[in-house]
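See below for the structure under consideration.
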Amino acid sequence: MDKFNNMRVFCRIVELGTFSAVAKESKLSTMMISKYIAQLEASLGVVLLHRTTRSLSLTSAGEAYYNRSKQLLEDLADLEASTAQSGERVKGTIKISAPIDFGGMYMVPAIDAYIKRYPEVKILMSLDNKPPNLRVGSFDISLLVTDTLDPGVVARKIAETELCTYAAPTYLAEKGYPQTIDELSHHQCLHYVDTPHGEFWLFNVDGELKKIKSDWVLASNNGRALCQAAALGMGIVQAPRLSVAPYLQSGELVEILRQYRRPAIAIYATYLQRRFYPAKLTTFIDFLLAYFER
2 MDKFNNMRVF CRIVELGTFS AVAKESKLST MMISKYIAQL EASLGVVLLH
52 RTTRSLSLTS AGEAYYNRSK QLLEDLADLE ASTAQSGERV KGTIKISAPI
102 DFGGMYMVPA IDAYIKRYPE VKILMSLDNK PPNLRVGSFD ISLLVTDTLD
152 PGVVARKIAE TELCTYAAPT YLAEKGYPQT IDELSHHQCL HYVDTPHGEF
202 WLFNVDGELK KIKSDWVLAS NNGRALCQAA ALGMGIVQAP RLSVAPYLQS
252 GELVEILRQY RRPAIAIYAT YLQRRFYPAK LTTFIDFLLA YFER
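In the numbering used here, each residue's number is its place in the sequence shown (first place is 1) plus 1.
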């Protein structure tokens, strides 16, 4: 019996939630995954998982075993990585999750510069506005534009952006220039979905946060699409300044309701806390900090 293999399988079952998901990931049968867990429980002499046809949950012994096993497997992986990377060689694959706009507009040049410095590293970047659960293990780093952080992760601030409200001069000439946020109810809005704030727009009113539900005519999870729509005069958009920057430079969009602008929002590189970090992770985080500071 390969106890380390069975331990890995057990941890992935906890993280993915089902035997079938682990079987698919491992390209094995569900029966084989069940066999590994049965071997592990038999060798330990305890039940690790409560299993029914509809649910799966950890026993108290299973929860304790998972926490220690996860740490042990991470330490082993880090030991192997640090040994393989001795002699100042940095190599491997870094799996990154990033918001669609930030990743598409700003991360590709950063990744290009990093790979030129560390040519033996590969980057797998997935763009999604919904932050992943890093504990599942699908990503090493999650880049977030947020004011709310998971207390269970390490967060390094790499940049910041402002959440502002914009419209095209052509739209304002036709529909009028709103002077207060209450006047937004008389305007067409372009709404950014998949944010922690749902259907609401956020404003700073006398130092306090105020939420306004936008009456949108177009909604999307892609900020560049919404900025293009705003530039065409379709309506007003609220978006991070980093998404709007090219349109501001060209004059296609202008900021409105500036007096209600919220304080800057941080952009973080987040990752799980662990005892040892592989060189590919530490070099990439340090590189991002220096890159965006410049």
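We treat Cβ as the ideally placed atom computed from N, Cα and C, and that holds for glycine.
{"Check": "Alpha helix (DSSP H) runs contained entirely in the region 124–200, provided each spans 4 or more residues", "Outcome": "170–176"}
{"Check": "Inter-stretch contact (C-beta, 8 Å, three-pair minimum) for the region 274–293 and the region 151–161", "Outcome": "yes"}
{"Check": "Nearest neighbour of D76, chosen from L273, S61 and I116 [CA to CA]", "Outcome": "L273"}
{"Check": "For D148 and E294, the rounded distance between their alpha carbons", "Outcome": "20 Å"}
{"Check": "Bridge partners - Q239, DSSP secondary structure assignment", "Outcome": "T166"}
{"Check": "Simplified DSSP assignment, three categories, for A93", "Outcome": "According to the sequence displayed, residue 93 carries Gly and not Ala. Three-state DSSP puts G93 in a strand."}
{"Check": "Expected contact under 8 Å - CB spacing of D195 and N134 to nearest Å", "Outcome": "16 Å between Cβ atoms; not a contact."}
{"Check": "Neighbourhood of D216 by C-beta, 7 Å cutoff - its chain only, sequence neighbours within 5 removed", "Outcome": "S186 and C190"}
{"Check": "Beta-carbon gap between P170 and L258 smaller than 8 Å", "Outcome": "no"}
{"Check": "CB of D3 within 8 Å of CB of F277, strictly", "Outcome": "no"}
{"Check": "Span of the alpha helix (DSSP H), counted from its first residue to its last, around S44", "Outcome": "T31 to L45"}
{"Check": "Cβ neighbours of S44 in the same chain (closer than 6 Å, five flanking residues each side left out)", "Outcome": "none"}
{"Check": "Residue nearest to V146 in terms of C-alpha spacing, selected from I266, A39, L59 and A65", "Outcome": "I266"}
{"Check": "Candidates S35, I101, G224 and Y67: closest to V137 by CA position", "Outcome": "Y67"}
{"Check": "Option nearest V245 by Cα separation, candidates Q229, G236, Q260 and G234", "Outcome": "Q229"}
{"Check": "Cβ pair S98, P152 closer than 8 Å", "Outcome": "no"}
{"Check": "Three-state secondary structure assigned by DSSP to T271", "Outcome": "strand"}
{"Check": "Contacting residues, own chain, Cβ-Cβ under 7 Å from G93 (five flanking each side not counted)", "Outcome": "A82, V122, P279 and K281"}
{"Check": "Classification of Q72 by the beta-carbon crowding that lies within 10 angstroms, buried from 16 upward", "Outcome": "exposed"}
{"Check": "Pairwise C-alpha distance: Y115 and C12", "Outcome": "32 Å"}
{"Check": "V122 - partner residues in DSSP beta bridges", "Outcome": "G93"}
{"Check": "I268 versus Q40: straight-line alpha-carbon distance, rounded", "Outcome": "45 Å"}
{"Check": "When I237, S221 and L150 are compared against F271, the one with the closest alpha-carbon", "Outcome": "With the sequence shown as reference, residue 271 is identified as Thr, and Phe is not the correct amino acid for it. Among I237, S221 and L150, the Cα nearest to that of T271 is on L150."}
{"Check": "Helix, strand or coil at A24 according to DSSP, with G and I counted as helix", "Outcome": "helix"}
{"Check": "Under the three-state DSSP convention, the category A265 falls into", "Outcome": "coil"}
{"Check": "Cβ pair A174, H192 closer than 8 Å", "Outcome": "no"}
{"Check": "Spatial distance of S58 from G236 (CA atoms)", "Outcome": "49 Å"}
{"Check": "Through-space distance from T162 to I213, alpha-carbon basis", "Outcome": "21 Å"}
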